[in-house]
Structures are given as structure tokens and as C-alpha cells.
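> Residue numbers (our numbering): 1237 to 1355.
#1: By Cβ distance below 7 Å, which residues in the same chain neighbour residue 1269 in space, the five residues on each side in sequence not counted?
#2: Under the assumption that residue 1311 contacts residue 1334 (Cβ atoms under 8 Å), give the Cβ distance between them as a whole number of angstroms.
#3: Return the first residue and the last residue of the beta strand (DSSP E) that residue 1311 is part of.
#4: Which residue marks the beginning of the alpha helix (DSSP H) containing residue 1326, and which one marks its end?
#5: Quickly, what does DSSP pair residue 1316 with across the bridge? List them, please.
#6: Would residue 1270 count as contacting chain C if we go by Cβ distances under 8 Å?
The following block contains the structure:
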């Protein structure tokens, strides 16, 4: 509770697409092509005790990845807190493409800067 997306954003999004919200990570990742995570510490004003209770349920681990498609990939915007948000076996595993994601972000940022400088 307390981590739900903004209701107005969800309502607006539902006008053009089908969005299903769940708090169960296994339901969310079932037969998924991509399992993506974010850095929990980026959630502003989050009580550390509350975060410690929250994180284990949503940790990306081997069991959760097995609920996704066999060829699913794992994404994380980095930095990742190993052992908290994601296990080392997932982030360093064969399904992880986090380093490619980081490299792509770098090239996107460079292209954006180049476009802004030319503007």
C-alpha cells in the first residue's frame, strides 16, 4: 500500500490501452517477455523500515524469473542493490541485459545533447 501509480495517470492511460495493475510479482511476471526493475532507493521520502519490509516480496530472483517466458530478459536502470532489489544470479545471469540497457541509455543521452546543441 502506498506505492500505487497516480490514479489520474492510470485513468488517462486506460483510454488508449489496456492496463492491468497487480501487487503480486508472480502474476505480473507470468509469461512475461521482460522483467524490469527500478532502484527502490529512488522512491522519495521512503521510511527505511518500511522499505526493508517491502523489498523482499518484490525482489527479482531466480524463482520470479522462472515464472516469465524461458527467453525473457531482465532490465534494470541501475544502480541495482544486489541482494535487495535483485539477486546476483539474476543481474549477472544469461537473461540480464542491464549493461546493454545502460549503454543504450548513454547513446540516447549523447544524441539528445547533440540535438539540443544544434537547436
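Glycine included, each C-beta is placed from N, C-alpha and C at the ideal position.
Taking the geometry as given:
#1: The count along the chain shown starts at 1 and reaches residue 1269 at position 33. The answer, listed in chain order, is 1305, 1308.
#2: The count along the chain shown starts at 1 and reaches residue 1311 at position 75. The count along the chain shown starts at 1 and reaches residue 1334 at position 98. Going by Cβ atoms, the distance from residue 1311 to residue 1334 rounds to 6 Å, so yes, they are a contact pair.
#3: By one-based count along the chain shown, residue 1311 stands at place 75. Taken as a continuous stretch (DSSP letters only), the beta strand (DSSP E) holding residue 1311 covers 1309-1312.
#4: Working through the chain shown from its first residue, we reach residue 1326 at position 90. It spans 1324-1327 - the alpha helix (DSSP H) in which residue 1326 sits, taken as one unbroken run.
#5: Along the chain shown, read from residue 1 onward, the residue named residue 1316 stands at position 80. BP columns for residue 1316 are empty, so no partner.
#6: Of the protein chains in the structure, only one exists, and it is not chain C.
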